[in-house]
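Student:
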Amino acid sequence: AILDVITLILESEAFNVAGLNKGADFIDHVKEFNPDVIIMDIMLPDIDGRVLLKELKETDSTSHIPVLMISARYNSNNYTLDGISADDFMAKPFNIDELMDKIYALIK
Numbered sequence: 048a049i050l051d052v053i054t055l056i057l058e059s060e061a062f063n064v065a066g067l068n069k070g071a072d073f074i075d076h077v078k079e080f081n082p083d084v085i086i087m088d089i090m091l092p093d094i095d096g097r098v099l100l101k102e103l104k105e106t107d108s109t110s111h112i113p114v115l116m117i118s119a120r121y122n123s124n125n126y127t128l129d130g131i132s133a134d135d136f137m138a139k140p141f142n143i144d145e146l147m148d149k150i151y152a153l154i155k
C-alpha cells in the first residue's frame, strides 16, 4: 500500500515515521507524536481526510503542523473543505523525488 511505500522511503531518509491508515484517534496521535509534517490521503477507509485536515487546522496545538495532502481522485483545485486547504497537494501517482522535494520545502 502507499502508506508502506512512503514509510519506507522516509525511513531511508532518516525520518522518524508514524504511519496511520485510519482516521480514528488521529488528532490524539498527532498531539502525542508532534510531527514536523503530515502526509495525508484524502481517501481514508473510515473518514474523509479533508475532515481531519479541518480539525487539525482548527486545533491550536496542531494548526502549525504543515500538511501535504495526496489523492488519486481529487486535484489541487477541488480538494478543499469549507475553505480550508493543506499546505501543499500532490496527485497520485507521484514520483519519489517530487514527494521528497515537497516534504523538504514544508519542513524548512
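Numbering (my numbering) for the sequence shown: 48 to 155. Cβ coordinates follow ideal geometry from the N, Cα and C atoms, glycine included. What you are looking at is a predicted structure, and each value in this text was computed from that prediction instead of being measured.
1) Assess contact between the region 101 to 111 and the region 138 to 146, defined as three or more Cβ pairs (one per stretch) separated by less than 8 Å. Is contact present?
2) Given a cut-off of 7 Å on the beta-carbon distance, is the pair N68 and L50 in contact?
3) Mapping the DSSP letters down to three states, classify V84 as helix, strand or coil.
4) According to DSSP, which residues form a beta bridge with A138?
5) Could you check the C-alpha separation between A133 and A65 for me, to the nearest Å?
6) By the three-class DSSP mapping on this structure, what secondary structure does L128 have?
7) Does the distance from the C-beta atom of M87 to that of M116 stay below 7 Å?
8) In the DSSP assignment, find the unbroken alpha helix (DSSP H) run with L55 in it and report its ends.
9) Quick test of your reading: D93 and A71, contact by CB under 8 Å. State the CB separation rounded to the nearest angstrom.
10) Using beta-carbon positions only, say whether I131 and I112 come within less than 7 Å of one another.
Tutor: Considering the structure as presented:
1) no
2) If you number the sequence shown from 1, residue 68 lands on position 21. If you number the sequence shown from 1, residue 50 lands on position 3. Yes, Cβ-Cβ distance for N68 and L50 is below 7 Å.
3) As a working note, residue 84 is residue 37 in the sequence shown. V84 falls in the coil class under three-state DSSP.
4) Numbered from 1 along the sequence shown, position 91 holds the residue referred to as residue 138. DSSP output for A138 lists S118 as bridge partner(s).
5) In the sequence shown, the residue the question calls residue 133 occupies position 86. In the sequence shown, the residue the question calls residue 65 occupies position 18. Their Cα atoms are separated by approximately 19 Å.
6) Counting from one through the sequence shown, the residue named residue 128 turns up at place 81. Correct three-state label for L128: strand.
7) Residue 87 sits at position 40 when you count from the first residue of the sequence shown. Residue 116 sits at position 69 when you count from the first residue of the sequence shown. Contact: yes.
8) Residue 55 sits at position 8 when you count from the first residue of the sequence shown. Here the alpha helix (DSSP H) through L55 covers 49 to 59.
9) Numbered from its first residue, the sequence shown carries residue 93 at position 46. Numbered from its first residue, the sequence shown carries residue 71 at position 24. Rounded, the Cβ-Cβ distance is 6 Å, consistent with contact.
10) Here residue 131 refers to the residue found at position 84 when the sequence shown is read from its first residue. Here residue 112 refers to the residue found at position 65 when the sequence shown is read from its first residue. Not a contact, by the Cβ cut-off of 7 Å.
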